[in-house]
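Some notes on the structure that comes next.
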Amino acid sequence: MSLQNASTKLTHFIIGGFDIVKRPVAVGVVMLITYLLAVTGSLVNILFIVSDKQLHKPMYLLICNLAVVDILYTSSATPTMIGVLLAGVNTISYVECLIQMCVFQLGSTMEMFSLTIMAFDRLIAIIYPLRYHSYLTNTRIMVLTYILWIVASGFVAPLLAIVVPLPHCTLRLRYTFCDAAAVLRTLCVDPEKYFNQGASRLFFLLFFTFVFICLSYCGILFFVKLSSNNDRMKMGSTLVSHLICVICLYCPIFLHAILTRFGVVLTLEERQGLSIGTILGPSLVNPFVYFLRTKEIKSKIFKILRKANTAR
Numbered sequence: 086m087s088l089q090n091a092s093t094k095l096t097h098f099i100i101g102g103f104d105i106v107k108r109p110v111a112v113g114v115v116m117l118i119t120y121l122l123a124v125t126g127s128l129v130n131i132l133f134i135v136s137d138k139q140l141h142k143p144m145y146l147l148i149c150n151l152a153v154v155d156i157l158y159t160s161s162a163t164p165t166m167i168g169v170l171l172a173g174v175n176t177i178s179y180v181e182c183l184i185q186m187c188v189f190q191l192g193s194t195m196e197m198f199s200l201t202i203m204a205f206d207r208l209i210a211i212i213y214p215l216r217y218h219s220y221l222t223n224t225r226i227m228v229l230t231y232i233l234w235i236v237a238s239g240f241v242a243p244l245l246a247i248v249v250p251l252p253h254c255t256l257r258l259r260y261t262f263c264d265a266a267a268v269l270r271t272l273c274v275d276p277e278k279y280f281n282q283g284a285s286r287l288f289f290l291l292f293f294t295f296v297f298i299c300l301s302y303c304g305i306l307f308f309v310k311l312s313s314n315n316d317r318m319k320m321g322s323t324l325v326s327h328l329i330c331v332i333c334l335y336c337p338i339f340l341h342a343i344l345t346r347f348g349v350v351l352t353l354e355e356r357q358g359l360s361i362g363t364i365l366g367p368s369l370v371n372p373f374v375y376f377l378r379t380k381e382i383k384s385k386i387f388k389i390l391r392k393a394n395t396a397r
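Those letters in the sequence shown? Residues 86 to 397, per the numbering used here, in order.
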């Protein structure tokens, strides 16, 4: 049977990132708990913001958008990994794999875009506090957010254009879910060219988003120097939440890039650990950071808890 004929009959992939016999069940349990906490935290933020008209403001719309992105990002890959670790289900259909690959790439791109637009929001809020609501209206924030989703989808489209027409020489995925690198390695071509294209796109995204966030912080810090001590405290408080989210997203990515750049060869388990941390870390931290550090959301939670205690 030729490779081309074999590829036309491809109906599923085998996920080979975990040893199906000696799979670490304890890791699967931890991932399941973390995933449920992450999704619950994001859903709570979304429900509170959507249901309370007083929170229909640019900053909260961006927090709501980040919560949607977190759910999409972590749900694209985590259930598959949990299924392998806890249930031993190590196969995934061809179509489902391609969908997972695209959704994961869309989620990871939107994570960076979401934090970038939130940095821009904080920059305008701190430098132009009196004109903030005239510059950034709800409509403008919604339009800008839709544009970012469209641009992010544009970054995903080339993956399908590469993968769909080409034949596959193997059913086995090297990694723990259907990310682009794993799927490209199954093709009957040298994947190096496509890896370089993907690395170029990733570098552009990282460079643009991270540099923009850093420049926003520089502008805010310069403005803070001219402000009173009271204002500095308020500004610092608003930035800490965003900074924590930025660190959780970019640190694993840069760590992997730095280790690779200096020739450190990572084992498959180490690569998978970094990948899992990159997916679950931001999705867990983001909702709880804004849940605990945003005064309006936190006060609403406390009111509900007080009412529940009174009802008892």
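Glycine is no exception: its CB is placed at the ideal position from the N, C-alpha and C atoms. This one's a predicted model, so the numbers in the text were calculated from it and none came from an experiment.
- Message: Based on DSSP bridge pairs, tell me the residues matched to Ile100.
- Response: As a first step, residue 100 is located in the sequence shown; it is residue number 15 there, counting from the start. Paired residues: Leu258.
- Please report the residue range of the alpha helix (DSSP H) in which Thr294 lies. For the purposes of this step, residue 294 is identified with residue 209 of the sequence shown, where counting begins at 1. 277–310 is the span of the alpha helix (DSSP H), which, as asked, contains Thr294.
- Query: Which of the three DSSP states, helix, strand or coil, is assigned to Leu272?
  - Reply: Position 187 of the sequence shown holds residue 272. In the three-state DSSP reduction, Leu272 falls in the strand class (E or B).
- Item | Contacting residues, own chain, Cβ-Cβ under 8 Å from Asn71 (five flanking each side not counted) | It is not possible to answer for residue 71, since the shown part of the chain is limited to 86 through 397.
- Task: Would you decide whether Phe292 is buried or exposed? Buried here means 16 or more other CB atoms lie within 10 Å of its CB.
- Result: The residue labelled residue 292 in the question sits at position 207 within the sequence shown. Exposed: under 16 other Cβ atoms inside 10 Å.
- Touching by the beta-carbon criterion (3+ pairs, under 8 Å), the region 118–135 and the region 182–200: No, the region 118–135 is not in contact with the region 182–200.
- DSSP on Thr379, reduced to helix/strand/coil? Counted from its first residue, the sequence shown places residue 379 at position 294. Thr379 falls in the coil class under three-state DSSP.
- Range covered by the alpha helix (DSSP H) that runs through Thr224: Residue numbering aside, residue 224 sits at position 139 when the sequence shown is read from its first letter. From DSSP, the alpha helix (DSSP H) with Thr224 extends over 223–248.
- Item | Distance, Thr194 Cα to Leu128 Cα | As a position in the sequence shown, residue 128 is number 43, starting the count at 1. As a position in the sequence shown, residue 194 is number 109, starting the count at 1. Roughly 20 Å separates the two Cα atoms.
- For the alpha helix (DSSP H) holding Thr165, just list the boundary residues, first then last. Locating residue 165 in the sequence shown gives position 80, counting from the first residue. Run containing Thr165: 143–167, per the alpha helix (DSSP H) assignment.
- Message: For a test of your reading of the model: does the CB of Leu132 fall under 8 Å from any non-hydrogen atom of the ligand PLP? Yes or no.
- Response: This structure simply doesn't include the ligand PLP, nor any ligand for that matter.
- If you check the beta carbons only, do Asn150 and Ser199 fall under 9 Å apart? Looking up residue 150 in the sequence shown gives position 65. Looking up residue 199 in the sequence shown gives position 114. Yes. Within cutoff.
- Message: In the DSSP assignment, the alpha helix (DSSP H) including Thr194 goes from what residue to what residue?
- Response: For the purposes of this step, residue 194 is taken as residue 109 along the sequence shown, with counting starting at 1. It spans 179–212 - the alpha helix (DSSP H) in which Thr194 sits, taken as one unbroken run.
- Task: Tell me where the alpha helix (DSSP H) around His218 begins and ends.
- Result: Along the sequence shown, one-based indexing puts residue 218 at 133. That run of the alpha helix (DSSP H) goes 217–220.
- Message: To the nearest angstrom, how far is the alpha carbon of Arg225 from that of Ile202?
- Response: Within the sequence shown, numbered from 1, the residue matching residue 225 stands at position 140. Within the sequence shown, numbered from 1, the residue matching residue 202 stands at position 117. One C-alpha to the other measures close to 12 Å.
- Inspect the CB distances between the region 233–246 and the region 156–172 and report whether three or more fall short of 8 Å. Fewer than three beta-carbon pairs drawn from the region 233–246 and the region 156–172 are found closer than 8 Å, and the two stretches are therefore not classed as touching.
- Could you say which of Thr125, Gly192, Phe308, Ala342 lies nearest to Pro214 if we only look at CA atoms? Along the sequence shown, one-based indexing puts residue 214 at 129. Ranking Thr125, Gly192, Phe308, Ala342 by Cα distance to Pro214 puts Phe308 first.
- Message: Using a Cβ-Cβ cutoff of less than 7 Å, which residues in the same chain neighbour His253 once the five nearest sequence positions on both sides are dropped?
- Response: In the sequence shown, the residue the question calls residue 253 occupies position 168. Non-local beta-carbon contacts of His253 in its own chain, meaning distances under 7 Å to residues more than five positions away in sequence, involve Ser92, Leu95, Thr271, Leu272, Cys273 in chain order.
- Item | Backbone secondary structure at Thr176 - three-state DSSP | Locating residue 176 in the sequence shown gives position 91, counting from the first residue. It is a strand residue.
- Inspect the beta-carbon positions of Ser360 and Thr261 and report whether they are closer than 9 Å. By 1-based counting over the sequence shown, the position of residue 360 is 275. By 1-based counting over the sequence shown, the position of residue 261 is 176. Taking 9 Å as the Cβ cut-off, Ser360 and Thr261 qualify as a contacting pair.
- Task: Specify, as a first and last residue, the run of the alpha helix (DSSP H) that Leu117 falls within.
- Result: What you label residue 117 is simply residue 32 of the sequence shown in a count that begins at 1. Note, Leu117: alpha helix (DSSP H), 110–136.
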